[in-house]
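For reference, the structure is listed below as structure tokens.
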Amino acid sequence: MKPIQTEMTTLSAPRSDASHLFSAPVIVAALGYFVDIYDLLLFGIVRLPSLASLGLSETEISLTGASILNWQMTGLLLGGILWGVLGDKKGRLSVLFGSIITYSLANIACGFVQDVNVYKVFRFIAGIGLAGELGAGITLVSEILPKHLRAIGTSLVAGIGLLGAVVAYFTVEFFDWRYAYFIGGGLGISLLLLRIGVFESGIFKDLKNQKHVEKGNFFALFTNKDRLFRYLKCIGIGLPTWFVIGILATFSNEFGKALGIAEAVKPGLSIMWCYVGLSMGDLASGFLSHWLESRKKAVLYLMLFTLVWSGVYLFAGIKSVTHLYTVAALLGFGIGYWAMFVTIGAEQFGTNLRATAATTVPNMVRGTVVLMTTLFATFKDSFSVINSGALVGLICFVIGIFCIITIPETHGRDLDFLEE
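All letters in the sequence shown, in the order written, are residues 8 to 427 by this note's numbering.
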């Protein structure tokens with residue numbers, strides 16, 4: 008790693024912390040992530056009514072729904088690489104504009120679908136677009152804010168943004184699924200107007216003038232042993248977050264039956280309460296990291312909090328849906344280190360690879376949900392639903408705790424450096 012040689016900028020009056028935290032880039036990144044999360048989770052919420060209205064049977068809905076979701080996840084993985092590379096080559100703002108145009112138009116198109124194969128294509132395109140928002144936003148905010156405010160700023164982005172999941176749930180409750188897609192697309196198009204006044208990261212501007220520096224080479228993450236281990240550890244830190252969302256919340260109806268809860272558990276409600284907690288946890292994690300003066304300690308404490316409540320969820324004998332939804336919210340609070348984990352991913356790497364890393368890392372973690380669900384299904388052939396969930400969780404938490412303990416601390420790190 009080596010520092011970037013920069014020219015001195017013009018002198019200006021010092022700004023207050025509040026003016027930094029509520030600047031246009033932070034507000035727009037937060038609203039962008041809000042729309043991103045709304046659209047990302049929308050198919051999962053409208054899966055049943057949308058496919059039923061297209062004339063599919065219950066069995067066909069199960070198979071086709073899984074297929075469409077896999078197309079969206081594939082789009083997320085490919086989009087993560089695409090937008091990450093573009094973010095380092097063309098700038099953070101180009102990704103924020105390009106990604107939101109892509110997923111907004113794709114979501115509007117989803118509101119018009121009459122065929123499941125066309126539905127798959129539009130969700131794939133939406134997945135590509137959705138992949139760029141968080142990484143580019145966190146990278147831009149991290150580079151613009153003073154280093155003592157980075158944790159709080161990025162947590163504000165995620166804390167506000169994750170409320171998009173709650174809005175998506177209630178939108179579907181009150182509107183037809185097609186209108187829910189139109190609303191999501193319309194929100195995205197409206198957001199573009201707010202982005203007109205947003206400025207590019209000064210650190211990236213300085214890098215852009217250095218023509219000899221290689222920018223946005225995704226494969227460079229794998230050509231250096233130290234860099235590869237940092238990248239893999241960033242991914243490992245995020246595994247418990249999607250264990251909670253992708254297994255405990257998504258399959259909460261199965262866990263509810265296994266626990267003997269009389270009333271039917273609604274996965275949609277479990278996910279919504281999980282995201283309510285996640286939003287609050289993301290806000291808290293930034294202040295916790297700021298107070299502890301450590302990214303690692305903040306994430307580790309929240310990860311251990313999540314581990315304890317995962318044990319309660321599975322083994323404490325929950326007997327009512329109210330208690331289960333309450334624990335889902337507490338689990339969401341525990342995985343509220345999501346923004347912190349993406350920030351760690353941004354801070355681990357130099358400016359010429361920062362957007363590539365910060366954009367691909369969360370999408371790689373989302374992609375591991377396929378492995379988690381496969382393991383969960385495989386374990387259920389030999390173990391109970393409860394024990395199968397526990398085994399998947401054990402794997403995720405062991406990897407996550409090892410990675411956060413061994414990854415370099417980045418609190419207070421100067422981001423003016425390059426990857427050689």
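Note that beta-carbon positions come from the ideal geometry of N, C-alpha and C, so glycine has one too.
Coil, strand or helix - residue i by DSSP
i      : result
Ala362 : helix
His297 : helix
Ile6   : In the structure as shown, the chain begins at 8 and stops at 427. Residue 6 is therefore absent and cannot be evaluated.
Glu150 : helix
Thr417 : coil
Ser23  : coil
Ile342 : coil
Ser327 : coil
Gly357 : coil
Asp289 : helix
Lys273 : coil
Leu398 : helix
Thr375 : coil
Ala133 : helix
Asn370 : helix
Asn224 : coil
Thr380 : helix
Ala138 : coil
Phe229 : coil
Phe262 : helix
Met15  : Its pLDDT being 40, under 50, Met15 is placed unreliably in this model, and the coordinates cannot settle the point.
Leu337 : helix
Thr350 : helix
Phe211 : Caution applies to Phe211, whose pLDDT of 49 falls short of 50 and renders its modelled position unreliable; the value that the coordinates give is listed next. Helix at Phe211.
Leu5   : Residue 5 is absent from the structure shown; the chain starts at 8 and stops at 427.
Leu422 : coil
Trp280 : helix
Where the alpha helix (DSSP H) through residue i begins and ends
i      : result
Val120 : Per DSSP, Val120 belongs to no alpha helix (DSSP H) and is neither H nor E.
Glu180 : 171 to 181
Glu65  : 65 to 96
Asp46  : 31 to 60
Val251 : That residue, Val251, is in no alpha helix (DSSP H); it is neither H nor E in DSSP.
Lys304 : 302 to 322
Lys232 : 232 to 244
Ile190 : 184 to 201
Ala158 : 157 to 168
Phe390 : Where Phe390 is concerned, there is no enclosing alpha helix (DSSP H), given that its DSSP letter is neither H nor E.
Rounded distance between the beta-carbons of residue j and residue i, thought under 8 Å
i      : j      : result
Leu331 : Gly263 : 6 Å
Leu228 : Tyr238 : 5 Å
Met310 : Tyr344 : 7 Å
Gly259 : Met347 : Correcting the residue type first, residue 259 is Ser in the shown sequence and not Gly. Ser259 to Met347, Cβ: 25 Å. No contact.
Phe340 : Met287 : 6 Å
Ile342 : Thr313 : 6 Å
Ala36  : Val148 : 5 Å
Ala362 : Gly352 : Actually they do not touch by this definition, with Cβ atoms about 10 Å apart.
Ser391 : Ala187 : Going by Cβ atoms, the distance from Ser391 to Ala187 rounds to 36 Å, so no, they are not a contact pair.
Cys281 : Leu338 : 6 Å
Val92  : Phe225 : 6 Å
Burial state of residue i, where buried means 16 or more other Cβ atoms lie within 10 Å
i      : result
Lys240 : buried
Asn359 : buried
Ser57  : buried
Phe104 : buried
Lys127 : buried
Arg157 : buried
His418 : buried
Leu401 : exposed
Thr329 : exposed
Val125 : exposed
Leu285 : buried
Glu270 : exposed
Ser19  : With a pLDDT of 49 at Ser19, under the threshold of 50, the modelled position of this residue cannot be trusted; read the value that follows with caution. Classification for Ser19: exposed.
Gln121 : exposed
Thr248 : buried
Gly318 : exposed
Asp421 : exposed
Any C-beta of chain B under 8 Å from that of residue i
i      : result
Tyr110 : Of the chains in the structure shown, none is chain B; there is only one protein chain.
Please confirm if the region 314 to 332 is in contact with the region 293 to 302, defined as three or more CB-CB distances below 8 Å between the two stretches. no
Cβ pair count under 8 Å reaching 3, the region 359 to 370 against the region 87 to 94: The answer is yes - the region 87 to 94 touches the region 359 to 370, with three or more Cβ pairs under 8 Å.
Validate contact between the region 159 to 172 and the region 116 to 124 using beta carbons, cut 8 Å, 3 pairs: no
Is the region 411 to 420 in contact with the region 302 to 318, if contact means three or more CB pairs nearer than 8 Å? When Cβ pairs closer than 8 Å are counted between the two stretches, the region 411 to 420 is seen to touch the region 302 to 318, the count reaching three or more.
Check whether the region 175 to 192 and the region 137 to 144 are in contact - that is, three or more C-beta pairs closer than 8 Å. no
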